[in-house]
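When we follow the numbering used here, the leftmost residue of the sequence shown carries the number 13, and every step to the right adds one.
Just so it is clear, CB atoms sit at the ideal spot from N, CA and C, and this is done for glycine as well.
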Amino acid sequence: MRSLRNGVVKVLIILLVNLLSTECRNPVLHRVGGGRFSWNPNINFTNWSIHEQFYVGDWLYFGFDKLIYNVLEVNKTNYEKCEDKDFLTNVTRGGRDVFNLTDAKVFYFLSGRGFCFKGMKVAVLVKDFSEDQSLEPPHNNQHGDHDLLFTNNVFSSYHYVSHIIIFLAIFVFQCFHM
């Protein structure tokens with residue numbers, strides 16, 4: 013009985029160490045340009061994007077007038093030349109569109125119909141959260157560019173995991189002492 017209890021304790025310790033060594037993060041919704049309807053020529057998207065931290069799993073929100081503007085994902089060459097012909101993805105749906113950042117890479121977006129030449133383009137550098145282990149809070153600015161439906165709290169998952177582990181430890185302890 014004692015060896016079984018020691019084995020269970022070792023398994024729980026290994027589980028706890030693995031869970032605590034894994035960083036957890038909830039996705040963030042980034043409002044491109046910082047506002048609700050800020051996909052337009054009057055925004056410095058380069059300045060906006062360099063003050064943001066983007067991670068795999070985050071979302072971009074583009075708010076715009078779909079009768080005037082569009083959002084196209086393009087490659088680096090087309091981004092630099094403002095070419096909208098050979099786009100990768102047409103993000104445009106209804107003018108309040110979202111895009112999931114699925115890979116750790118640079119994503120390039122622009123608005124066609126000549127608006128790219130008026131500054132309507134943005135490059136977004138996306139990292140894996142495990143690559144950026146700093147626990148520094150995200151850069152928040154006065155525009156309220158993060159939607160609070162998504163939280164960026166590294167420790168929120170630890171809170172729940174620790175309660176589960178405590179419950180399991182008490183349960184196992186009670187089982188072996190009955």
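Within 10 angstroms of the Cβ of G106, are there 16 or more other Cβ atoms? Answer buried if so, exposed if not. exposed
Which value, in whole angstroms, describes the spacing of the CA atoms of G19 and F119? 48 Å
What would DSSP say about I182, mapped onto helix, strand or coil? helix
Leaving out the 5 sequence neighbours to the left and right, which residues in its chain are closer than 7 Å to G45 when beta-carbon positions are compared? W51, I55, F57, W60
Could you check the C-alpha separation between W71 and I182 for me, to the nearest Å? 39 Å
Contiguous alpha helix (DSSP H) assignments of at least 4 residues, all confined to the region 66 to 139: 88 to 93
Inter-stretch contact (C-beta, 8 Å, three-pair minimum) for the region 134 to 143 and the region 92 to 108: no
To the nearest angstrom, how far is the alpha carbon of F76 from that of S123? 10 Å
CB contact flag (F127, Y81, <7 Å): yes
How would you write the range of the beta strand (DSSP E) that H63 sits in, first residue to last? Unbroken run through H63: none, as it is neither H nor E.
Proximity below 7 Å, CB of M132 to CB of P53: yes
I believe F49 touches V83 by the beta-carbon criterion, under 8 Å. Please report the beta-carbon distance rounded to the nearest angstrom. That belief does not hold up - the Cβ atoms of F49 and V83 are roughly 13 Å apart, past 8 Å.
Once the 5 residues before and after Y91 are set aside, which same chain residues still bring their CB inside 7 Å of it? Y120, L122, K133, A135
Measuring CA to CA, which of Q65, D96, K93, T89 is closest to L113? Q65
Can you tell me the Cβ-Cβ gap for R43 and Y67, rounded? I've got them flagged as a contact below 8 Å. About 16 Å; that fails the 8 Å criterion.
Rounded to whole angstroms, what is the Cα-Cα separation between R108 and D96? 20 Å
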